[in-house]
Structures are given as structure tokens and as C-alpha cells.
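What follows is a set of notes on a single structure, which appears directly below.
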Amino acid sequence: MTSQAPATADTTTASFQFPEIYSFPPFFTRQPNEATWKEQRRQWCDLILAYYRHNRLFSMSLAEAVTEPPFANRQIHRALRVDVLREIVDELAKQGHASWTGARNSKDSCLVFWRKPEVWASMIHQWANDRGMLNTVLTLFELASGDDTVGQEFHGLDSTTLRKALDVLQSQGKAQLFVGTSDEDLGVKFFT
Amino acid sequence: MRRAVGIGGLRRKEAERQALSRKGNELAQREIQKLQEQISLMKDNLEDFVREHQKDIRNNPVFRVQVQRMCQLIGVDPLASRKGYMAELLGVGDFYCELGIQIIDICVATRSMNGGLMDLDELRQRLIRRRLKGSEPVVEDDIRRAINQLKPLRGGYRIVTFGKRKMVQSVAREMNSDQSTMLTLAEYTSKFNIEDVRVAFGWDEDRIHSCIDDMLRSGIIWIDSYNDAHPEYWVPAFFSQLSGGNSGNRG
Chain A
1 MTSQAPATAD
11 TTTASFQFPE
21 IYSFPPFFTR
31 QPNEATWKEQ
41 RRQWCDLILA
51 YYRHNRLFSM
61 SLAEAVTEPP
71 FANRQIHRAL
81 RVDVLREIVD
91 ELAKQGHASW
101 TGARNSKDSC
111 LVFWRKPEVW
121 ASMIHQWAND
131 RGMLNTVLTL
141 FELASGDDTV
151 GQEFHGLDST
161 TLRKALDVLQ
171 SQGKAQLFVG
181 TSDEDLGVKF
191 FT
Chain B
1001 MRRAVGIGGL
1011 RRKEAERQAL
1021 SRKGNELAQR
1031 EIQKLQEQIS
1041 LMKDNLEDFV
1051 REHQKDIRNN
1061 PVFRVQVQRM
1071 CQLIGVDPLA
1081 SRKGYMAELL
1091 GVGDFYCELG
1101 IQIIDICVAT
1111 RSMNGGLMDL
1121 DELRQRLIRR
1131 RLKGSEPVVE
1141 DDIRRAINQL
1151 KPLRGGYRIV
1161 TFGKRKMVQS
1171 VAREMNSDQS
1181 TMLTLAEYTS
1191 KFNIEDVRVA
1201 FGWDEDRIHS
1211 CIDDMLRSGI
1221 IWIDSYNDAH
1231 PEYWVPAFFS
1241 QLSGGNSGNR
1251 G
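Read top to bottom, the protein sequences are chains A and B. The first sequence: position 130 = 130 (the working numbering), numbered continuously. For any residue, its number in the working numbering is found by taking its place in the second sequence, counting from 1, and adding 1000.
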């Protein structure tokens, strides 16, 4: 088991601490007993969100994902099967912590919301308010990668997730999106 | 020469026997009375002792165990009644009650993970983690006593052993002997497969599969299908310190 990493200011460089069950080989087999499966699925959901949050990952391509941590544990030579991962992501989606992307019903790729779009939305809006950025137009690029947002949690946010957060603000009447010629040209104006 | 023969002789023998027996009883009774007086005195002394050392008894588990053993030897069960004077005296009535509740809580929370079977020492460690800092430390003996108090509950709390492993079982349905037998195969490695069972006990396929299905259904074992042709069955309760209730990181 990985030992407890010392607390550091930058958590992304500290190694991720896997739960005990990660070394338990049956964790990687879909349990036939429904009650056991529910527990297993719950632990996978927790693990995915924790791992993705720790590593600031936002999206998953299932076929690729099962060849690496956290879905493959080389130390015990076990890996989750794609169909089982699909069931787990379905559960995350039901909880609002993931959404399927790509072709309809293909369920090959998804976004993982270790922080829900609504929460990102309120963080971004708060920042805009605090910085007196209301009623000015910003590009999505500036928002995600500009100097003004360095140090903010949403700095470096993946563009699809950022877009979802802004959609939430738009639906709340707190922002207006402007479509440009490309995604990088997308602009947003914040209101109170 | 007088010989104890004939009816007279028999009557005399009987009378002698009875006299001896009465004498024996008298002696015995006197001894018993003396013994009772001594025990009563010991009980009084033990009470005084316990009252004086209440704090140490609560805080020092080794000491506590020894005092409780003394109580048992003298024939005083401190936990005989919740409101029993000894329990109050030892100040442990609350302690075991509280421990019992915490044990139930932990067992219920982890049941979906281990099917109601948990390593005794793992339980002890979880109890220690869970209890507030500065509260009395917990040893195996404490858990045994607390579980003993839980006996009347329907939960079916009991301690079972598999070879060297001591486990707490917290489901009402007792394991049948086939299941217990199969589990002993997993004592060292936490797992077994069908071949292991066949080699060790010579059971037929149906019997093996039926037993495995039962254990999968009650959640005591998990299946590992890494090798589809030869699945392995693992016992989470034997796999050192599997945590059943990690809190998630959700935003």
C-alpha cells in the first residue's frame, strides 16, 4: 500500500493514496451478488472521483482508461473490463458526476465531474464579481488560461467542462455566451 | 469374636455409615460456612479495592482484565445486571454498553463489504480509530465481553474461529459446516478455488458449487474472475484490513 504522503501545498505532486480495496483482486471483477456489487460500485465511484480530482483529469476514454491506473493495477495484475466500467460511469452519470460524450449510445467516452458544473459555475461567477469583471466580455481562453485567473481553481479547466459551467450560468441568467469563429473565440459576459 | 453378620450386623453397619455421613456433613457444612465467610470478606475487600482504583480500571485495559478475572474467580459477575452494583462500581456499565453500540454500528456499516464477518483485531482497530481521543483504550477481552452482552439481540453477534483467525460474525444466520470448512482453506491466503476444495475434502461438484453460491449470496466471499476458467474466491474478512466505508471525495 502506498504510505500516507506528507501534506504539501501542491497536492498534484503528492502521490495518490489508493484505498485498501484497490489491492483486493476481486475488486476488479463485477460481483454477481447485487448487494455486494452496489458496495463495489460505490467504492469505484469514490475512487474515480478522488483520483480524477487529485490528478485534475476531466475526461475519460473508456477503452484506453482500462489499461492504466486507476482501472488497472499492475501490482496485482488486474484490470477492470470496459463493460463493468461502463456500468460504473452510468452510476456516476446518474449522480450528476459524469456525462457521456461522443456518439449517442456508444458510451465510449465521458466527462468526469469531480466538481459539478454548478459548483464551477458559482466559483467562476464569484471570481468575476470579486474582480469587477461584470459586464465585460472575456474569451473562454482568457478565463481558462489567462494571467488573470492564475491561482484560481478553475484555471486550466478543460474546455468542455468550462463550457458546461458557463451554460449553467447562462441558464441562471448570470452570463451570456457569444459564439465566435472557433471555440477559442467563444466569449462570455457576466452579470450580477 | 464379634462379626458384623446377619441382620443385626447390617443394621449396625448402616447406623455407622449414617453417623459418619452426618459427621461428614457437619464438617463439610462448617467448612462451607467458613469458606462463605471468607468469600464474603473477599467480596468486601474487592469492592473497596475496585472503588479505590476505579480510574485505573477504566484507563488501563490490562489491569481491568485482571480485576475482572478476579471478580469471576470470586463468583462476582460485574456485568450480571446493567444496573448491578459491581458494574457501577467498576464504572464499566457504560463502557461496555457504549462499546456494544459502536460494534453494532461498525458491523452494520461494513456488512455489504464482508457479509457480516470481520476480523476481531480489525474490529478492535476500527473501534480505537472511532472512539474519541482520550477515551479508554480497547482490548480483545473488552470486545468479547461487549459481544457477550449483545447475545440477547437478534443480530446474532458471536465470535467464531478459523484456525488461528478470530472473527466476529454479526448476522443471525449461522454458517453451516460446509461453509466453515471451506473458509478454513482461506486461512492463510484469504482465498481458495474449486480445485483446492476438491483436493482437500473430496466433495463433488454440486456440493462445492452449492456452498460457494451460498457464500456469494451472503456476501462472505467475493469472486475473482481474472482467469475465467478457474475463478478464485476471496474472503474480504481475511484480507488484512479492508476498509468497508471510505468516505468519498465529492465536490
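Don't be surprised by glycine CBs; every beta carbon is placed ideally from N, CA and C. Please read these numbers as outputs of a predicted model, since none were measured by experiment.
B:Asp1224 is the residue among B:Phe1238, B:Asp1224, B:Phe1239 whose C-alpha sits nearest the C-alpha of A:Arg81.
Beyond the five residues adjoining it in sequence on each side, B:Thr1181 comes within less than 8 Å, by CB distance, of Phe1201 in the same chain, given in chain order. Nearest in C-alpha terms to A:Glu34, of all of A:His77, A:Glu87, A:Arg74, is A:Glu87. The alpha-carbon of A:Gly156 is positioned some 23 Å away from that of A:Glu68.
Excluding the 5 residues flanking it on each side, A:Lys116 has same chain C-beta neighbours closer than 8 Å at Gly96, His97, in chain order.
A:Leu47 places its beta carbon less than 8 Å from that of A:Pro70.
Three or more beta-carbon pairs separated by less than 8 Å link the region 1113-1123 of chain B to the region 1233-1241 of chain B, which places the two stretches in contact. A residue is called buried when at least 16 other Cβ atoms come within 10 angstroms of its Cβ; B:Val1197 meets this threshold and is buried. Within the region 1216-1238 of chain B, the residues whose Cβ lies closer than 9 Å to some Cβ of chain A are Leu1216, Arg1217, Ser1218, Gly1219, Ile1221, Trp1222, Ile1223, Asp1224, Ser1225, Tyr1226, Pro1231, Glu1232, Tyr1233, Trp1234, Pro1236, listed in chain order. Identification of residues in the region 1102-1122 of chain B having a C-beta nearer than 7 Å to some C-beta of chain A yields Ser1112, Met1113, given in sequence order.
Judged by their CB atoms, B:Ser1170 and B:Gly1156 are nearer to each other than the 8 Å cut-off.
Nearest CB-CB separation between A:Glu118 and chain B: not below the 8 Å threshold.
Chain order gives the chain B residues near A:Thr36 as Ser1112, Gly1219, Trp1222, where near means a beta carbon separation below 7 Å.
With a cutoff of 8 Å on beta-carbon distance, A:Leu138 and A:Gly187 are scored as near each other. When rounded, the separation of the alpha-carbon atoms in A:Asn55 and A:Thr149 is 19 Å.
Counting only the Cα atoms, A:Glu39 lies some 24 Å from A:Ser59. By the beta-carbon neighbour count (other beta carbons within 10 angstroms, threshold 16), B:Tyr1188 is exposed. Sequence-distant Cβ neighbours of B:Lys1164 in its own chain, meaning closer than 8 Å and more than five residues away, are Glu1187. Counting along the chain, B:Phe1162 sits inside the beta strand (DSSP E) bounded by residues 1158-1162. In terms of CA proximity to B:Pro1152, B:Gly1100 leads the group B:Gly1100, B:Arg1124, B:Arg1126. Annotation: B:Arg1124 to A:Val119 spans about 39 Å, alpha carbon to alpha carbon.
When only Cα atoms are considered, B:Arg1158 and B:Ile1147 end up about 7 Å apart. Rounded to whole angstroms, B:Ile1194 and A:Ile124 show a C-alpha spacing of 57 Å. At a cut-off of 3 residues, not a single continuous stretch assigned as beta strand (DSSP E) sits fully inside the region 1002-1041 of chain B.
In the three-state scheme derived from DSSP, where H, G and I count as helix and E and B as strand, B:Ser1190 is classed as coil.
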